[in-house]
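See structure below.
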């Protein structure tokens, strides 16, 4: 609650939706915590569902969603409070490659809207391909930081995390 009031959205690694609610009711559960009239909540709901390509699923039970659809719903819920910054824990975990691409597109779009994004993820390929800056942290210490090409070519990053065989796909 305090995090949301400060303009920070959070997407945990573990599923964070209400499985027994519909897609729209999951988003409304967050929107109802905001000081908006009912018409404002409905307009924001419609906008978010459209933006994250969930309109066709709005009445579906959340338990029926695929991993990628669930992840999009979780992002939608995180965006409902109009955050200035999003913390995403393992956003690419447990979803298929097509869904990873969809999530990457969403995050790129959010970045263009000046929403700050912090991603923690072990999926280095997919994460570095959309980041402006990355950090390799080991035992609480930042070992390397910089744009993706600096990280990929860093002897420290390779020794501690990436390994010598690591290559970025194009």
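Numbering (the working numbering), first residue to last: 10 to 179. A virtual CB, placed ideally from N, CA and C, is assigned to each residue, including glycine.
With fewer than 16 other beta carbons inside 10 angstroms of its own, residue 44 counts as exposed. Secondary structure of residue 73 (DSSP, three-state): helix. Excluding five sequence positions before and after residue 157, the CB atoms of its chain that fall closer than 7 Å to its own CB belong to 137, 140, 143, given in chain order.
In the three-state reduction of the DSSP assignment, residue 138 falls in the coil class, being assigned neither a helical nor a strand state. Residue 153: member of the beta strand (DSSP E) spanning 150–155, first to last residue. Residue 115 holds the alpha-carbon nearest to the alpha-carbon of residue 78 among 168, 115, 49.
Non-local C-beta neighbours of residue 61 in its own chain, meaning closer than 7 Å and more than five positions away in sequence, comprise 81, 84, 85, 115, ordered along the chain. For residue 52, the enclosing alpha helix (DSSP H) stretches over residues 47–60. For residue 66, the three-state secondary structure derived from DSSP is helix.
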